[in-house]
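**Student:**
Protein chains in written order, with this note's numbering: chain A, 500 to 859; chain B, 500 to 859.
(1) When you compare the CB positions of residue 861 of chain B and residue 627 of chain B, do they come within less than 7 Å of one another, or not?
(2) What residue range does the alpha helix (DSSP H) around residue 640 of chain A cover?
(3) Find out if the Cβ-Cβ distance for the pair residue 860 of chain A, residue 595 of chain A is shorter than 7 Å.
(4) Assuming residue 780 of chain B and residue 699 of chain A are in contact, meaning their beta carbons sit under 8 Å apart, how far apart are those beta carbons, in whole angstroms?
(5) From residue 851 of chain A to residue 834 of chain B, what does the alpha carbon distance come to, in whole angstroms?
(6) In terms of residue numbering, what span does the alpha helix (DSSP H) encompassing residue 590 of chain A cover?
(7) Among the residues of its own chain, which have a CB less than 7 Å from the CB of residue 728 of chain A, if the five just before and after it don't count?
(8) Using alpha carbons as the reference points, say which of B:843, B:819, B:803 lies closest to residue 803 of chain A.
(9) Under a three-way DSSP split, which group does residue 779 of chain B fall into?
(10) Roughly how many angstroms lie between the CA atoms of residue 711 of chain A and residue 719 of chain B, to the nearest whole one?
(11) Can a CB atom of chain D be found closer than 7 Å to the CB of residue 840 of chain B?
(12) Inspect the CB distances between the region 633-643 of chain A and the region 663-679 of chain A and report whether three or more fall short of 8 Å.
(13) What does the alpha-carbon distance come out to for the pair residue 515 of chain B and residue 524 of chain B?
(14) Name the chain A residues whose beta carbon is nearer than 7 Å to that of residue 690 of chain B?
(15) What residue from A:660, A:737, A:841, A:614 has the CA that sits closest to residue 816 of chain A's CA?
(16) Is there at least one Cβ from chain A nearer than 7 Å to residue 766 of chain B's Cβ?
(17) Does DSSP classify residue 579 of chain A as helix, strand or coil?
(18) Taking C-beta pairs closer than 8 Å, name the residues in chain B that residue 563 of chain A reaches, listed in chain order.
(19) Let's see if you can read the secondary structure: which residues bound the beta strand (DSSP E) around residue 791 of chain A?
(20) Tell me whether residue 561 of chain B is buried or exposed, calling it buried when 16 or more other Cβ atoms sit within 10 Å of its Cβ.
(21) Consult DSSP for residue 837 of chain A and reduce its assignment to one of helix, strand or coil.
(22) With a 10 Å radius around its C-beta and 16 neighbouring C-beta atoms as the bar for buried, classify residue 744 of chain A as buried or exposed.
(23) At least one CB of chain B closer than 7 Å to the CB of residue 858 of chain A: is that the case?
(24) In terms of residue numbering, what span does the beta strand (DSSP E) encompassing residue 536 of chain A cover?
(25) Just the C-alpha distance for residue 847 of chain A and residue 858 of chain A, rounded to the nearest angstrom, thanks.
(26) Using DSSP's beta-bridge definition, name the partner residues of residue 555 of chain B.
(27) I'd like to know if residue 761 of chain A contacts chain B, where contact means its C-beta is closer than 7 Å to some C-beta of that chain.
(28) So, is residue 630 of chain A buried or exposed, given that buried needs 16 or more other C-beta atoms within 10 angstroms?
(29) Am I right that residue 581 of chain B and residue 592 of chain B are in contact with their C-beta atoms under 8 Å? What's the rounded C-beta distance?
(30) Report the option in B:616, B:586, B:717 whose CA atom is closest to the CA atom of residue 610 of chain B.
(31) Take every Cβ of the region 723-737 of chain A, pair it with every Cβ of the region 764-781 of chain B, and state whether three or more of those distances are shorter than 8 Å.
(32) Does any CB atom of chain B fall closer than 7 Å to the CB of residue 570 of chain A?
(33) Looking at chain A, which residues of the region 702-713 of chain B have a Cβ within less than 9 Å of any of its Cβ atoms?
(34) Please name the residue in A:715, A:510, A:796 whose C-alpha comes closest to that of residue 495 of chain B.
(35) Classify residue 701 of chain A as helix, strand or coil using the three-state DSSP reduction.
(36) Do you know offhand how far residue 774 of chain B's Cα is from residue 791 of chain B's?
Have a look at this one:
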């Protein structure tokens, strides 16, 4: 860069105005940063700019930072071109792709690669396109920032500031570590959810009628766009294959244990799952705090949830999580309230004194 | 039975006073039915009876219905003995085990087997024991009722009435169909969740810091008691192995598709997952109604949820589901409200008019 960076003052150019690009534009505009937008699709560009995510970019623009927010298959060439086009004034270039080693490999030999620092906000949804965008999309989310060996430290700091300005929490990892991490915490769970869900596709209706919350939770992510997840998984093939091989070995072990009625071995494999489920950090990135659940029966019509939460709020017990259980055949819902350990009794007493039917 | 049943008038004897047995006792007492309790553990028996689930059984009792609520490994002998002990006055015997073919096979040759009808309430939790029990545990849940070829129709009707008296919705299936169904909608998802979770057990902390809601949902059930799930899966080995073999074939196909960079094949496998996720019936057992999500940023302290639900309630839009996203590093939560299709705009306008930051 021609001069030391004094924070992210803008302007920022965003290439690709889908869900992520448009949301970043909205978040930066909210923070008062000037934003230029570019997209191959004039429709997306018009929509994003109409939503207030920034104004269309021109050839004269000299952004301080370029954010590449295009589909995984296109990341390499677009980052390359952004580095070339901004060489004269030394803009920093980042991207928001779900995988980080492949785009880096595609630009590793490019002049100015020290101005490139990868990024990956851990946000998104089953929806896509600029109309699904929101300035609040990244609020409180982790945002992986993945410097490589030649990354300029000022460029790294600038991308971390982008994450913070968007309301996210930067988490620094190498591109390789990042890809191994997302294989483990995102791509493998997605593929296994798809395998579990796949077994339901042709199931008889009366079998599916027994579905509880468990199968709904396990299979929810499997509803995501197959084309997008196909790109993501393919771009991270190496890390994904390492883990899939591990999964296959363990699956073979489960099949053997069930087939041989080898109960201790089966329990050991299930115990691995318990340990893994417990390893996921709790809310706020802190180690998981012990919690308790309180179940409340709630009539399923407008106003009842409000009344419940008003009553729960009056108890002064902080609700850590909420889950509504989907129950077939009856106009009553079962609400699970998660509270810090030791607070359940107080909440139950408080709710029951107001006529709610609760249980632990 | 000596005379035609005129509904479930009681008394009912419950053998096994864990979570399910005690909850059934509480639900029946709530409905005004007399309940006798039996358990090998004097502690459990005392607790259950102290909670008001019924009084300890005596040798002189002549129950109309015996409910066997013991762990899967003990079902066969206990059902057998219940049929023998009540032969003189023809009580109906049911159980609440998670698997139905094996206990039936264990009693198929017993005199009085026509008085036995299996059952399986689709309720429970990661918790266990009488202290976790509640009269509301079965409210709105499916309760599989699994007659066999020789079941007396009056006995079947009586067990269905038990389900209804407990607040549940009876779903009639043959024992074999039931076992195939729960393999698909419960045991396979559980095992795959355990395999996904197992990969997290030794992951570096900074990898886990990127965890989002997806991996939490996929792995939640994997936290369940390995000894109990070991019993359940083993008791349903045949149906589980059929599906596990299918899963292994599909996993091999995924590994090949990723290894060969065969994108169309990978997408096809992911598409199976989408179809399966969509096949799960919606709330109230009805076909899934189309819904929309509204996301709201909520400060993480007591009272804010109450304020939000009061404001949401004032909008007159019925909230179908709620989910709090666990976000590391920031004292703000992201709440997902699911509403019927077409109602999101109205809810958003209503919430934003009251100062909430929302997005779709």
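Beta carbons: idealized from backbone N, C-alpha and C, even for Gly.
**Tutor:** The short version:
(1) This structure leaves residue 861 of chain B out entirely; chain B is present only between 500 and 859.
(2) Careful: residue 640 of chain A lies outside any alpha helix (DSSP H) and carries neither H nor E.
(3) Since the first residue shown for chain A is 500 and the last is 859, residue 860 of chain A is missing from the structure and cannot be characterised.
(4) So it is not a contact: roughly 10 Å between Cβ atoms.
(5) 25 Å
(6) Element bounds for residue 590 of chain A: n/a, residue is neither H nor E.
(7) Taken in chain order, the residues that qualify are 689.
(8) B:819
(9) Residue 779 of chain B: coil per DSSP, three-state reduction.
(10) If I take the Cα positions, the gap works out to 13 Å.
(11) The question asks about chain D, but that chain is absent: this structure's protein chains are A and B.
(12) Yes, the region 633-643 of chain A is in contact with the region 663-679 of chain A.
(13) In this structure, the CA atom of residue 515 of chain B is about 10 Å from the CA atom of residue 524 of chain B.
(14) 753
(15) A:841
(16) yes
(17) helix
(18) Going along chain B, no residue has its Cβ under 8 Å from residue 563 of chain A, so there is no contact; the nearest lies around 25 Å.
(19) 790-798
(20) exposed
(21) strand
(22) Exposed: under 16 other Cβ atoms inside 10 Å.
(23) yes
(24) Unbroken beta strand (DSSP E) run through residue 536 of chain A: 534-537.
(25) 8 Å
(26) B:536
(27) No, because no Cβ of chain B sits closer than 7 Å to the Cβ of residue 761 of chain A.
(28) exposed
(29) 5 Å
(30) B:586
(31) Yes: the two stretches touch, three or more of their Cβ pairs being nearer than 8 Å.
(32) no
(33) 702, 703, 704, 705, 706, 707, 708, 709, 710, 711, 712, 713
(34) The question about residue 495 of chain B has no answer here: the residues shown for chain B are numbered 500 through 859.
(35) coil
(36) 19 Å
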